[in-house]
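Step one of this worksheet: look at the structure below.
Number of protein chains: 2
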Amino acid sequence: MTRRFVSAADVARRAGVSRSAVSRAFTPGAQVSEAARKRIQEAAEDLGYRVNRLARTLHQQRSDLVGVVGGNLVNPYISAQLEALSAGLQRRGLQCLLLNSGGGGDLAALLDYRVRSVVLLSGAAPDELVRLCARNGARMVLIGRPAPPEGTSADLILADSAAGGRLAARRLIAAGCRNVAVVQSASRTSAKVDRADAFCTEMQAAGVTFTRWAEGPNSYDTGCSAARVLLAQPGIDGIFGVTDELALGVLNTARSEMGRDVPRSLSVIGFDDAPVSAWASHGLTTIRQSLSQLTEATLDAVERGPSSVPRTVRLPVTLVERCSVSPRGAAAPLRPEAG
Amino acid sequence: MTRRFVSAADVARRAGVSRSAVSRAFTPGAQVSEAARKRIQEAAEDLGYRVNRLARTLHQQRSDLVGVVGGNLVNPYISAQLEALSAGLQRRGLQCLLLNSGGGGDLAALLDYRVRSVVLLSGAAPDELVRLCARNGARMVLIGRPAPPEGTSADLILADSAAGGRLAARRLIAAGCRNVAVVQSASRTSAKVDRADAFCTEMQAAGVTFTRWAEGPNSYDTGCSAARVLLAQPGIDGIFGVTDELALGVLNTARSEMGRDVPRSLSVIGFDDAPVSAWASHGLTTIRQSLSQLTEATLDAVERGPSSVPRTVRLPVTLVERCSVSPRGAAAPLRPEAG
DNA sequence: CTGTTAGCGCATTCAT
DNA sequence: ATGAATGCGCTAACAG
Numbered sequence: 001m002t003r004r005f006v007s008a009a010d011v012a013r014r015a016g017v018s019r020s021a022v023s024r025a026f027t028p029g030a031q032v033s034e035a036a037r038k039r040i041q042e043a044a045e046d047l048g049y050r051v052n053r054l055a056r057t058l059h060q061q062r063s064d065l066v067g068v069v070g071g072n073l074v075n076p077y078i079s080a081q082l083e084a085l086s087a088g089l090q091r092r093g094l095q096c097l098l099l100n101s102g103g104g105g106d107l108a109a110l111l112d113y114r115v116r117s118v119v120l121l122s123g124a125a126p127d128e129l130v131r132l133c134a135r136n137g138a139r140m141v142l143i144g145r146p147a148p149p150e151g152t153s154a155d156l157i158l159a160d161s162a163a164g165g166r167l168a169a170r171r172l173i174a175a176g177c178r179n180v181a182v183v184q185s186a187s188r189t190s191a192k193v194d195r196a197d198a199f200c201t202e203m204q205a206a207g208v209t210f211t212r213w214a215e216g217p218n219s220y221d222t223g224c225s226a227a228r229v230l231l232a233q234p235g236i237d238g239i240f241g242v243t244d245e246l247a248l249g250v251l252n253t254a255r256s257e258m259g260r261d262v263p264r265s266l267s268v269i270g271f272d273d274a275p276v277s278a279w280a281s282h283g284l285t286t287i288r289q290s291l292s293q294l295t296e297a298t299l300d301a302v303e304r305g306p307s308s309v310p311r312t313v314r315l316p317v318t319l320v321e322r323c324s325v326s327p328r329g330a331a332a333p334l335r336p337e338a339g
Numbered sequence: 001m002t003r004r005f006v007s008a009a010d011v012a013r014r015a016g017v018s019r020s021a022v023s024r025a026f027t028p029g030a031q032v033s034e035a036a037r038k039r040i041q042e043a044a045e046d047l048g049y050r051v052n053r054l055a056r057t058l059h060q061q062r063s064d065l066v067g068v069v070g071g072n073l074v075n076p077y078i079s080a081q082l083e084a085l086s087a088g089l090q091r092r093g094l095q096c097l098l099l100n101s102g103g104g105g106d107l108a109a110l111l112d113y114r115v116r117s118v119v120l121l122s123g124a125a126p127d128e129l130v131r132l133c134a135r136n137g138a139r140m141v142l143i144g145r146p147a148p149p150e151g152t153s154a155d156l157i158l159a160d161s162a163a164g165g166r167l168a169a170r171r172l173i174a175a176g177c178r179n180v181a182v183v184q185s186a187s188r189t190s191a192k193v194d195r196a197d198a199f200c201t202e203m204q205a206a207g208v209t210f211t212r213w214a215e216g217p218n219s220y221d222t223g224c225s226a227a228r229v230l231l232a233q234p235g236i237d238g239i240f241g242v243t244d245e246l247a248l249g250v251l252n253t254a255r256s257e258m259g260r261d262v263p264r265s266l267s268v269i270g271f272d273d274a275p276v277s278a279w280a281s282h283g284l285t286t287i288r289q290s291l292s293q294l295t296e297a298t299l300d301a302v303e304r305g306p307s308s309v310p311r312t313v314r315l316p317v318t319l320v321e322r323c324s325v326s327p328r329g330a331a332a333p334l335r336p337e338a339g
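This is the structure:
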């Protein structure tokens with residue numbers, strides 16, 4: 001006895017009006033007499049009626065669904081983004097159709113629901129998807145990703161990765177580091193690569209030795225593995241994790257497994273300023289990209305009509321000083337081989 | 001020039017067949033000649049066609065949308081749940097319509113999309129919503145929440161909170177604690193309350209002094225505040241956070257602000273086994289509720305037809321020993337006033 | 001195997 | 001101000 005959803009016809013019957021009247025009663029700014037509207041509202045309330053937005057969308061050719069795709073939802077920064085974004089969407093009367101890109105699902109499945117736009121929080125942006133969106137008139141918003149190829153267009157929201165990488169490098173240099181590493185994981189996401197590249201360029205210019213760790217996924221565990229290998233031999237006195245998750249893995253492993261005193265004998269710096277990074281247990285110095293600015297820019301992009309020209313917004317980044325990096329101008333950190 | 005979505009009619013025209021043929025080509029197990037199917041697939045590919053599931057749903061009276069509501073998505077355990085659940089849904093061809101209950105949106109809005117069922121990860125379950133679901137034939141799945149009132153029915157998935165609370169209590173007793181506190185926040189969620197109640201009952205039976213902290217939201221910061229107050233005066237030698245987030249706030253504040261040596265002078269135990277709790281920086285001993293079991297049970301509930309009778313699944317919990325609690329049978333922890 | 005037809009629930013134009 | 005009729009894109013029952 002699978003109960004059917006209650007429809008406008010049911011309400012009309014009960015209120016003794018036509019279906020059109022019901023429709024009008026639920027359409028803002030439509031012409032209905034106050035008396036009728038009241039009767040209809042009551043009938044709807046009694047029956048538990050809600051207008052079927054699937055059908056409404058079908059008619060209006062305009063959906064309130066926004067596809068949000070993100071892999072790695074446990075990543076603290078991604079989940080913070082999702083939290084802010086989903087709240088913002090609702091506030092504007094939009095609904096969030098979530099797709100976990102790590103879940104093996106088909107990204108294009110979002111188009112099946114006629115989403116008005118697709119927001120890519122993380123994960124790769126397959127050209128195929130970009131093409132499909134363009135083909136179907138769905139706006140595409142890419143966060144922290146490079147521009148899609150050729151003529152296809154998309155809104156781009158990105159933090160100034162290069163500036164962030166440079167900031168991190170200069171801070172480590174100011175801390176007196178002379179032999180550093182950048183942990184970037186095997187992910188080829190342009191945001192991560194750009195951070196690492198800018199970091200290395202700056203280090204090279206300053207004549208500081210550096211090595212790159214480019215294995216594993218972007219995860220806490222990758223940071224741990226990197227630290228185990230990089231710190232097995234003495235020498236390294238500063239590490240930049242291109243993501244807070246990576247940096248936290250490095251930080252914790254350095255302290256608890258490798259016996260390093262952070263920041264005295266090793267400086268660690270991250271990128272994102274995820275909530276956990278501020279916890280007293282970590283005190284991670286990091287590069288912050290403003291979550292609220294990022295969310296605001298994303299919402300704006302989503303709300304712009306599909307006809308408007310795509311823009312790219314570049315968000316500034318700032319250094320957040322906590323206590324995982326030696327003070328500026330301090331003597332060079334204690335080198336293990338010096339002790 | 002807002003481009004319209006491409007429809008089956010477009011494909012039919014291009015492939016030189018009827019619209020039904022197109023429909024059949026995309027319906028598993030329908031009768032189409034191989035030749036036609038091939039031509040249609042090609043045309044669809046060229047045009048970037050995807051079947052409109054909104055329209056399909058309208059016709060079939062059966063949606064593939066599952067409403068998932070959760071507040072506090074940054075909570076590490078909630079986000080882990082969401083990650084597992086969304087991946088599982090996709091694997092079964094279902095889509096996840098996310099509603100952030102903290103975002104001020106209307107929960108009932110989910111019904112507007114004719115979701116086949118609603119999963120409540122966290123946040124309160126308004127009777128109103130339960131009633132609406134029942135009225136509209138949408139299955140309702142409550143996680144860690146008490147049964148809804150009166151005749152309304154819902155699937156219940158819950159960890160054995162009371163057993164967990166008892167486990168935590170016994171472990172603290174075994175550690176030699178004589179004066180403990182339970183930090184439960186002001187949240188009246190039955191899961192949290194049950195954990196705390198069982199803990200207190202067990203403590204009372206053992207003749208151990210205990211106090212309750214029942215202020216603030218369920219968050220890391222609440223744990224910090226609680227620790228600041230509870231540990232300001234000497235005495236307390238064990239704390240149970242009914243949530244890992246609370247426990248971690250307590251743990252970190254005890255160590256870094258209150259100068260406590262955990263686990264030597266203070267034992268801390270949590271509940272959930274969120275991913276961060278295993279990090280070396282915390283090593284939180286906690287009560288685990290198996291995420292995979294929870295997800296599996298949830299998916300089962302979602303997939304059962306709306307006609308099947310609702311069940312309630314109670315999941316076992318286990319103690320995960322890490323290093324935030326004094327060893328069993330150890331001498332009573334160092335009491336600050338004894339030092 | 002294929003095309004024609006009807007109807008899912010809605011918003012909207014056109015008559016009244 | 002209201003009811004009747006139409007079409008959104010789709011699937012399924014029916015007929016050829």
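As they're listed, the protein sequences go chains D and L.
The first sequence maps to residues 1 to 339 in UniProt numbering.
The second sequence maps to residues 1 to 339 in UniProt numbering.
Even for Gly, the Cβ is constructed at its ideal location relative to N, Cα and C.
Interface partners of residue i on chain L, CB under 7 Å
| i | result |
| --- | --- |
| D:L98 | S86, C96, L98 |
| D:G176 | Near D:G176 there are no residues of chain L at all, since even the closest Cβ is about 25 Å away, more than 7 Å. |
| D:A30 | The premise fails here: D:A30 is roughly 18 Å from chain L at the closest Cβ pair, so nothing lies under 7 Å. |
Coarse secondary structure for residue i, derived from DSSP in three states
| i | result |
| --- | --- |
| D:A338 | Note that D:A338 scores 40 on pLDDT, short of 50, meaning its location in the model is unreliable and no value can be drawn from it. |
| L:I157 | strand |
| D:M1 | Any reading at D:M1 must be qualified, since the residue scores a pLDDT of 36, below 50, and its modelled position is unreliable; the value itself is stated next. Three-state DSSP puts D:M1 in coil, outside helix and strand. |
| L:N100 | strand |
| L:G165 | helix |
| D:R24 | helix |
| D:R116 | coil |
| L:L107 | helix |
| L:S318 | It should be pointed out that residue 318 of chain L corresponds to Thr in this sequence rather than to Ser. Strand, per DSSP. |
| D:V6 | coil |
| L:A15 | helix |
| D:G241 | strand |
| L:R139 | strand |
| D:E128 | helix |
| D:S225 | helix |
Listed by chain order, chain D residues near residue i by CB distance under 7 Å
| i | result |
| --- | --- |
| L:D261 | What L:D261 touches in chain D: nothing, since even the nearest Cβ is about 14 Å away. |
| L:R114 | F5, N52, L54 |
| L:A301 | What L:A301 touches in chain D: nothing, since even the nearest Cβ is about 16 Å away. |
| L:A80 | V74 |
Residue i: CB within 7 Å of a non-hydrogen atom of the ligand HEM
| i | result |
| --- | --- |
| L:R170 | Among the ligands in the structure shown, none appear at all, so the ligand HEM cannot be discussed. |
Under 9 Å from the C-beta of residue i: neighbouring residues of chain D
| i | result |
| --- | --- |
| L:Q90 | L99, N100, G103, G104, G105, D106, A109 |
| L:R131 | G48 |
Straight-line Cα distance separating residue j from residue i
| i | j | result |
| --- | --- | --- |
| D:S185 | D:N218 | 6 Å |
| D:E150 | L:A8 | 28 Å |
| D:R314 | D:A196 | 18 Å |
| D:T2 | D:T298 | Confidence at D:T2 is low in this model, with a pLDDT of 45, below 50, so the placement of that residue is unreliable and no value is reported for it. |
| D:Q95 | L:L97 | 7 Å |
| D:L107 | D:A80 | 22 Å |
| D:V141 | D:P310 | 9 Å |
| L:A124 | L:T189 | 7 Å |
| L:A226 | D:T286 | 28 Å |
| L:T222 | L:L230 | 12 Å |
| L:V22 | L:A43 | 10 Å |
| L:T253 | D:N72 | 29 Å |
Contacts of residue i in chain D (Cβ-Cβ under 8 Å)
| i | result |
| --- | --- |
| L:N179 | None at all; the shortest Cβ gap to chain D is about 24 Å. |
| L:E83 | N72, L73, V74, N100, G102 |
Under 8 Å by beta carbon: chain L residues contacting residue i
| i | result |
| --- | --- |
| D:E257 | A280 |
| D:T253 | A280 |
| D:P148 | Chain L residues near D:P148: none, gap ~15 Å exceeds 8 Å. |
Amino acids of chain L, ordered along the chain, whose beta-carbon sits closer than 9 Å to that of residue i
| i | result |
| --- | --- |
| D:L58 | N52, L54, A55, L58 |
Note to self: What ranges does the alpha helix (DSSP H) occupy inside the stretch 26-95 of chain D, keeping only unbroken runs of at least 4 residues that lie completely in it?
What the structure shows: 34-47, 53-60, 76-91
Next item on the list: Scan the stretch 4-28 of chain D for residues whose Cβ lies nearer than 8 Å to a Cβ of chain L and list them as they occur along the chain.
Entry: R4, F5, V6
Item checked: alpha helix (DSSP H) runs wholly inside the stretch 264-314 of chain L, at least 4 long, in chain order -> Within the stretch 264-314 of chain L, the runs of alpha helix (DSSP H) at least 4 residues long that lie entirely inside it are, in chain order, 291-303.
Checklist line | Length at least 4, wholly inside the stretch 161-213 of chain L: the alpha helix (DSSP H) runs in chain order | finding: 161-174, 190-205
Item checked: Under 9 Å (Cβ pairs) to chain D, residues found in the stretch 308-331 of chain L -> Per Cβ criterion, the list is empty.
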